[in-house]
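Undergrad: Protein chains in written order, with the numbering used here: chain G, 143 to 408; chain R, 41 to 344.
Glycine included, each C-beta is placed from N, C-alpha and C at the ideal position.
The structure displayed is predicted, hence computed values, not measured ones.
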Amino acid sequence: MSTARLRDLRVFPGFGLLSVGCVVFLYAPIVVLAIYSFNDGRSVTRWAGFSLRWYQTVFANQNIQTAAMNSVVIAVIAASVATVFALGAAIATVNGKKGGGEGAYVVLTFPLMVPEIVTAVASLVFFVAVGISLGFATILIAHIVFCIPFAYLPIKARLESMDATLPSAAADLYASPAKGFLRITLPLLVPGLVSGWLLAFIISLDDFIITALVAGPGATTLPLHIYGMLRLGMTPEVNAISTLMLAASTVLVLISGLLGQAGRKH
Amino acid sequence: MSARPLALSSRIPQGFAHAGLLWPSLGVILVFMVAPIAIMLTYSFLVPGAYGGVEWTFSTAAYEQILFERDFLDDSLTFTPDYLIIVARSLIQATVATLLCLVISVPTAYYIATRSDRVKNIWLFLITIPYWVNLLIRTIALLFVLRDDGPINSALLDVGVIGQPLALSYNGFAISLGLIYSFLPFMVLPLYSAFERFDFRLLEAAYDLYASRRVAFFRIVLPVMRPGLIAGSLLVFIPSVGSYLAPDILGGGKTLMIGNLIGTQFQAARNWPFGAALSMILLTITLIVLLWLARRAAQQQRSN
Numbered sequence: 143m144s145t146a147r148l149r150d151l152r153v154f155p156g157f158g159l160l161s162v163g164c165v166v167f168l169y170a171p172i173v174v175l176a177i178y179s180f181n182d183g184r185s186v187t188r189w190a191g192f193s194l195r196w197y198q199t200v201f202a203n204q205n206i207q208t209a210a211m212n213s214v215v216i217a218v219i220a221a222s223v224a225t226v227f228a229l230g231a232a233i234a235t236v237n238g239k240k241g242g243g244e245g246a247y248v249v250l251t252f253p254l255m256v257p258e259i260v261t262a263v264a265s266l267v268f269f270v271a272v273g274i275s276l277g278f279a280t281i282l283i284a285h286i287v288f289c290i291p292f293a294y295l296p297i298k299a300r301l302e303s304m305d306a307t308l309p310s311a312a313a314d315l316y317a318s319p320a321k322g323f324l325r326i327t328l329p330l331l332v333p334g335l336v337s338g339w340l341l342a343f344i345i346s347l348d349d350f351i352i353t354a355l356v357a358g359p360g361a362t363t364l365p366l367h368i369y370g371m372l373r374l375g376m377t378p379e380v381n382a383i384s385t386l387m388l389a390a391s392t393v394l395v396l397i398s399g400l401l402g403q404a405g406r407k408h
Numbered sequence: 041m042s043a044r045p046l047a048l049s050s051r052i053p054q055g056f057a058h059a060g061l062l063w064p065s066l067g068v069i070l071v072f073m074v075a076p077i078a079i080m081l082t083y084s085f086l087v088p089g090a091y092g093g094v095e096w097t098f099s100t101a102a103y104e105q106i107l108f109e110r111d112f113l114d115d116s117l118t119f120t121p122d123y124l125i126i127v128a129r130s131l132i133q134a135t136v137a138t139l140l141c142l143v144i145s146v147p148t149a150y151y152i153a154t155r156s157d158r159v160k161n162i163w164l165f166l167i168t169i170p171y172w173v174n175l176l177i178r179t180i181a182l183l184f185v186l187r188d189d190g191p192i193n194s195a196l197l198d199v200g201v202i203g204q205p206l207a208l209s210y211n212g213f214a215i216s217l218g219l220i221y222s223f224l225p226f227m228v229l230p231l232y233s234a235f236e237r238f239d240f241r242l243l244e245a246a247y248d249l250y251a252s253r254r255v256a257f258f259r260i261v262l263p264v265m266r267p268g269l270i271a272g273s274l275l276v277f278i279p280s281v282g283s284y285l286a287p288d289i290l291g292g293g294k295t296l297m298i299g300n301l302i303g304t305q306f307q308a309a310r311n312w313p314f315g316a317a318l319s320m321i322l323l324t325i326t327l328i329v330l331l332w333l334a335r336r337a338a339q340q341q342r343s344n
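Okay, structure coming up:
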C-alpha cells in the first residue's frame, strides 16, 4: 500500500477546520484583552488610539510591584524546595519498590486528587487550629505542598527512563557513592529536574484560590492583587497587568520548550 | 526497571537512606495536606462558633443543613432544595464541560496527531501555551470579551443585528463557556498522546473490510482510545466540579457552584462546619469519580 493512500485514509473531513476553531477559541479572548491594553481611552470598549499609558500606570504602582515581587519570591522558593524534596522522593520510590511503594505514590500525588478549594479551606482551618498566623509563611508552606507532585512526576519519569546500570558501572570503576551520584545520576536527571522546577514555578505563580484563603490580611501576590483590582471593575490597568503576565508565561513556555528540545538532542 | 540501587545508597544502610530521601516529601504532605483534611472531617461534625471557628459539640447539623432548613422557633426541619440545586448545578456544569471538551478535542487531537512532525510541534505548542497561562488572567480575558459592553456586543450593536446587548456574561452560559475555556487544553493533550500511539494499520484493515469512514472512526479508532478519553475526561471533570474562578468571575457571584459556596462559609458567612461538610461532599464526589474511572481503566487493560 502506498503511503499516499495511507495518508489519505487517515483524513476525516472537517477535523482540520475544527482544530483551527479550537485554537482560535483558545486565543481570541487573550489576544483581544492584550490589544485593548494599548488603548488610549479610559473606556475599555472604544478604541481611542495606541498608547502605553496603562503600562506606565502599572509600573508606577508600588502595590503591584510588591505583589509581583512576592509572587516571584514565593514561586522560586516553593519550586526549589519542592524540587529538592521531590528528587529525594523520586530516588527512593524508583529504587526501593520492595514495600510501601504504592502507598508512597498515593501520598505524593494526593495533592493532585483533592479539589483546590478543599485544599484551600483545609489549609486555612489547619493554620488557624495550630496557631500559625496567616501571612507570607503560610502561603509559602501551602505552595511547597501543592508543588511537590508537580516536581515529583517529571523527575520520576526521567529516573525511570534512565539506564540503571550506569551508576553501578560508576561504582565498578571505584567511584564513591557520592561521586557516582554527583557525576553520573544527577547530570542525567537534569532535564527532569528542570521541567519539574519550571512546572512547579508556574503552578505556584498561577495559584489564586489557595493563596487567597491562607494569605491573611497583610500578604499579597500578583493574582490576589489583580483579583482585587477586578472587584472595582474592568479597567485598562487590569488589561495591562494581565498582558504582562501573558507575556511572562509565554516566555517561560518558550524557555522550557527550547530546553526540552536541547535535552532530546543529547 | 531493575531493582539495583543507585550509587548513592550503596554504602549508607539501605533502609535508612531510603527513609531519609522519602520522608521530607511524605512528611510535608501528611502534615500540611492529609492532617488538615482530617481536621476538616472532624469540624464537619461540630457546631459553628459565634465569630467563625467551631465549638466542640458533636452534631450532624452541618450535613442536615444541605437538605433541610431548621426553624428558629420550634426547631423543626423543612426540606429546602437550595443547596442541593447548587451541588446538582456543579455536577451538571462539569459534565457538560467534559462532554463539550471531548467533542472539540477528539477531532483536534486526531488532526494534530496525523500531521507531519514539524507541523505537529507547532500545533502542540499552540495548545500548550494556554495550558501554562494564568487561569485568573484567562478567565478575566473571557469576561472582557463577553461583557455587555465588550467587543462582541459592541460589534453586534454597531452592525445593528441586535438592539440590546446579548446577556453573554454573568449567567450559567458564561460559566459553561468558562469551564470549557479553562480546561480544554487538559483534554487535548492526553488525547493527542493517545492518538500518537494509535496503530493506523487498524484503520486500513477496517477500510479493506468495507467500513465507512464514520464506522471506522466510531468502531475502531474511539474504542482503542478509551484510556486516553478517560484520562482527559478526568482532567476536565475534576477541576470543573470544584471550580471557583469561573463561577465567581463569569457567573458574577449570582450563579453559585459548590466551590464558591464552600469559599463563602470561610469568608463572609463564617459557618465552618457547614463549609467543612460541603468540602467532604466535594472530596467524596471527586474520589468516587477517580476510583470509578481507575477501575474502568484497569478493566480495559485486562481485557486488552
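1) Going along chain R in order, which residues have a C-beta closer than 8 Å to the C-beta of residue 247 of chain G?
2) Does DSSP put residue 87 of chain R in a helix, a strand or coil?
3) Going by the beta-carbon positions, is the gap between residue 208 of chain R and residue 283 of chain R smaller than 8 Å?
4) Would you tell me roughly how many angstroms separate the C-alpha atoms of residue 122 of chain R and residue 258 of chain G, rounded to the nearest one?
5) Decide if residue 205 of chain G is buried, meaning its Cβ has at least 16 other Cβ atoms within 10 Å, or exposed.
6) Quick check: is the beta carbon of residue 387 of chain G nearer than 8 Å to any beta carbon in chain R?
7) Enumerate, from N- to C-terminal direction, the unbroken alpha helix (DSSP H) stretches of 4 or more residues contained entirely within the region 250 to 314 of chain G.
8) Is residue 211 of chain G buried or exposed, if buried means 16 or more other CB atoms sit within 10 Å of its CB?
9) If we cut at 8 Å on Cβ distances, does residue 152 of chain G have a partner in chain R?
10) I want to verify the contact list: residues of chain R whose CB lies under 9 Å from the CB of residue 158 of chain G, in sequence order.
11) In terms of residues, what are the limits of the alpha helix (DSSP H) holding residue 117 of chain R?
12) Using 10 angstroms around the beta-carbon of residue 301 of chain G, count the other beta-carbons present and answer buried if the total reaches 16, otherwise exposed.
13) Can you pull the DSSP bridge partners for residue 92 of chain R?
14) Suppose contacts are defined by Cβ-Cβ distances below 8 Å. Is residue 273 of chain R in contact with residue 131 of chain R by that definition?
15) Going along chain G, which residues have a C-beta under 9 Å from residue 330 of chain R?
16) Strictly below 9 Å CB to CB, what residues from chain R border residue 353 of chain G?
17) Since residue 108 of chain R is in the beta strand (DSSP E), which residue starts that stretch and which ends it?
18) Does DSSP put residue 67 of chain R in a helix, a strand or coil?
19) At least one CB of chain R closer than 8 Å to the CB of residue 211 of chain G: is that the case?
20) Suppose only complete runs of 3+ residues qualify. What are the beta strand (DSSP E) ranges in the region 107 to 173 of chain R, listed by chain order?
21) Considering only DSSP beta bridges, list what residue 192 of chain G is partnered with.
22) Measuring straight from C-alpha to C-alpha, what distance separates residue 189 of chain R and residue 205 of chain R?
23) Any Cβ of chain R within less than 8 Å of the Cβ of residue 208 of chain G?
24) Helix, strand or coil, according to DSSP, for residue 318 of chain G in the structure here?
25) Could you work out which residues of chain R lie near residue 171 of chain G, taking near to mean beta carbons separated by less than 8 Å?
26) With a threshold of 8 Å between beta-carbons, can residue 221 of chain G be considered close to chain R, or not?
27) Cβ closer than 7 Å: which chain R residues qualify as neighbours of residue 369 of chain G?
28) Looking at the unbroken alpha helix (DSSP H) that takes in residue 241 of chain R, where does it start and where does it end?
29) Within this structure, are the beta carbons of residue 361 of chain G and residue 224 of chain G separated by less than 8 Å?
30) Under 9 Å, CB to CB, which of the residues in the region 264 to 284 of chain R have a partner in chain G?
31) Which chain G residues are close to residue 253 of chain R, counting only those with a beta carbon under 7 Å from its beta carbon?
32) Can you list the residues of chain G that residue 83 of chain R reaches, using a CB-CB cut of under 7 Å?
33) Distance cutoff 8 Å, beta carbons only. Does residue 359 of chain G sit that close to anything in chain R?
34) Measuring alpha carbon to alpha carbon, tell me which residue in R:170, R:97, R:311 and R:331 is nearest residue 229 of chain R.
35) What separation, rounded to the nearest whole angstrom, lies between the Cα atoms of residue 46 of chain R and residue 237 of chain G?
36) For residue 302 of chain R, return the contacting residues in chain G, with the cut-off set at a CB-CB distance below 8 Å.
TA: The structure says:
1) Under the 8 Å cutoff, chain R gives no residues; its nearest Cβ is about 10 Å from residue 247 of chain G.
2) strand
3) no
4) 23 Å
5) exposed
6) yes
7) 258 to 272, 278 to 302 and 307 to 314
8) exposed
9) yes
10) 147 and 151
11) Element bounds for residue 117 of chain R: not the alpha helix (DSSP H) but the beta strand (DSSP E), 117 to 119.
12) buried
13) R:90
14) no
15) 255
16) The contacting residues do not exist; residue 353 of chain G stays about 10 Å from chain R at best.
17) 108 to 110
18) helix
19) no
20) 108 to 110 and 117 to 119
21) G:181
22) 7 Å
23) no
24) coil
25) 178, 181, 182, 184, 185 and 221
26) no
27) 176
28) 241 to 248
29) no
30) 278, 279, 281, 282, 283 and 284
31) 154
32) 267
33) no
34) R:170
35) Below a pLDDT of 50, predicted positions are generally treated as unreliable, and residue 46 of chain R, at 48, falls in that range; the measurement from the model is reported next regardless. Answer to the nearest angstrom: the Cα atoms are 7 Å apart.
36) 259, 260 and 263
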